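Q: In my numbering, the protein residues as written are 1 to 237. Each residue gets a CB set at the ideal place from its N, CA and C atoms; glycine is no exception. No experiment lies behind these values; they were computed from the predicted model shown. Below you will find the structure I want to go over with you.
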Amino acid sequence: MDKAGKHLYEVIAPEDAERRIGKQLEEQERRARENRTLSFGPVRDGTATVFMRLDVQTLALLRALLDPLARTRPTGPDGPDLRTSERRLADAFAELLGLAGHPLSATAVRQLACDAEIVPAVLGSDGAVLDLGTATRLFTYAQRLYLGLRDGHHCSFPTCRRPEQWTEAHHIRHWVDGGKTDVGNGVLLCQYHHTTIHTKGWIVRMGDHGHPEYIPPPWIDPYQAVIRPDDLTTIRR
């Protein structure tokens with residue numbers, strides 16, 4: 001049926017046309033779901049390619065989840081966000097998945113231990129297992145709610161406002177180093193800034209005002225002025 005004939009059919013018999021179009025769309029959606037595929041390319045130099053073919057509904061859901069996480073970060077203590085749009089989408093996808101995969105580095109294990117139920121391993125500087133603990137559930141849902149209430153219902157890192165539901169609970173003193181799982185030793189961080197704390201020389205500590213405060217690494221601030229993100233003040237030491 002050509003375009004003119006289809007339009008005439010919709011005018012003459014709109015209810016029947018709507019029913020037929022609805023069935024056509026349902027069939028199209030069914031075929032699209034059946035044609036979904038996902039495959040993985042070979043791993044080279046620590047990276048791999050993922051190939052996905054998705055139906056429109058699944059793609060829309062994925063974009064709805066990724067878009068808020070892939071927005072350009074505002075300029076903050078760690079500088080402007082210079083990532084490409086593709087990099088931002090990849091980082092957002094990683095944030096959705098969380099830290100998963102095998103093998104994991106000692107740094108990754110320490111970060112994962114902040115917000116998961118695992119069998120913890122106490123690691124040396126070279127990643128060797130020193131001793132094993134028992135399966136432990138760390139920060140509870142109620143504790144996370146308290147941390148959000150205390151620090152503003154968003155990532156606590158200076159200038160970051162990633163909403164609370166996209167954050168992870170971080171031990172200020174790492175749990176594998178003997179840090180306690182209590183609210184006085186916890187802070188909510190988005191995955192990006194959680195990784196920043198673990199890998200880029202930033203220090204987070206609990207201030208005497210009852211909220212977390214941050215010390216940047218010397219390559220960002222040679223004076224390492226303490227930053228209080230709740231009021232964005234800096235304290236020269």
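Does DSSP classify residue 123 as helix, strand or coil?
A: Residue placement at residue 123 is flagged as unreliable, the pLDDT there being 48, under the threshold of 50; the coordinate-derived value follows with that caveat. Strand.
Q: With DSSP collapsed to three states, give me the class of residue 38.
A: The answer is strand: DSSP assigns residue 38 an E or B state.
Q: Helix, strand or coil for residue 54, going by three-state DSSP, please let me know.
A: If DSSP states are grouped into helix, strand and coil, residue 54 belongs with coil.
Q: For residue 61, count neighbouring Cβ atoms within 10 angstroms of its own Cβ and tell me buried if that reaches 16, exposed if not.
A: Exposed: under 16 other Cβ atoms inside 10 Å.
Q: Within the chosen definition, does the segment 207 to 226 reach the segment 174 to 183 through at least 3 CB pairs nearer than 8 Å?
A: The segment 207 to 226 vs the segment 174 to 183: no contact.
Q: With DSSP collapsed to three states, give me the class of residue 80.
A: Coil, per DSSP.
Q: Quick check on the burial criterion: 16 or more other C-beta atoms within 10 angstroms. Buried or exposed for residue 140?
A: That one is exposed.
Q: Hey, could you find the ends of the beta strand (DSSP E) residue 167 is sitting in?
A: Element bounds for residue 167: 167 to 171.
Q: Distance check for residue 31 and residue 23, CA to CA, integer angstroms please.
A: Taking the straight line from one Cα to the other gives about 12 Å.
Q: How many Å lie between residue 54 and residue 88 at the Cα?
A: Approximately 20 Å between the Cα atoms of the pair.
Q: Tell me, which residues are paired with residue 186 by DSSP?
A: Answer is 171, bridged to residue 186.
Q: Closest to residue 185 by CA distance: which of 200, 204, 199 and 196 is it?
A: The shortest Cα separation from residue 185 among 200, 204, 199 and 196 belongs to 204.
Q: Taking the Cβ atom as the reference point for each residue, do residue 222 and residue 158 lie within a distance shorter than 7 Å?
A: Cβ atoms of residue 222 and residue 158: not closer than 7 Å.
Q: Spatial neighbours of residue 48 within its chain, please: C-beta separation below 8 Å, excluding the five flanking residues on both sides.
A: Once the five neighbours on either side are set aside, the close Cβ partners of residue 48 are 40, 41 and 42.
Q: Output needed for residue 50: all residues of its chain with C-beta closer than 8 Å, excluding positions within five of it in sequence on either side, in chain order.
A: Once the five neighbours on either side are set aside, the close Cβ partners of residue 50 are 38, 39, 40 and 41.
Q: Which of helix, strand or coil does DSSP assign to residue 43?
A: Of the three classes helix, strand and coil, the one that applies to residue 43 here is coil, per DSSP.
Q: Less than 7 Å between the beta carbons of residue 70 and residue 92, yes or no?
A: Against a cut-off of 7 Å, the Cβ pair of residue 92 and residue 70 comes out as a contact.
Q: Taking the alpha-carbon of residue 52 as reference, which of 79, 35, 66 and 65 has the nearest alpha-carbon?
A: It is 35 whose Cα lies nearest to the Cα of residue 52.
Q: Straight-line CA distance for residue 101 to residue 46?
A: If I take the Cα positions, the gap works out to 12 Å.
Q: Answer with yes or no whether the minimum CB distance from residue 223 to chain B is below 7 Å.
A: The structure shown contains no chain B, having only a single protein chain.
Q: Applying the 10 Å Cβ sphere with the 16-neighbour rule, what's the burial state of residue 127?
A: Residue placement at residue 127 is poorly supported in this model, since its pLDDT is 48, which falls under 50; the coordinates still yield a value, given next. Classification for residue 127: exposed.
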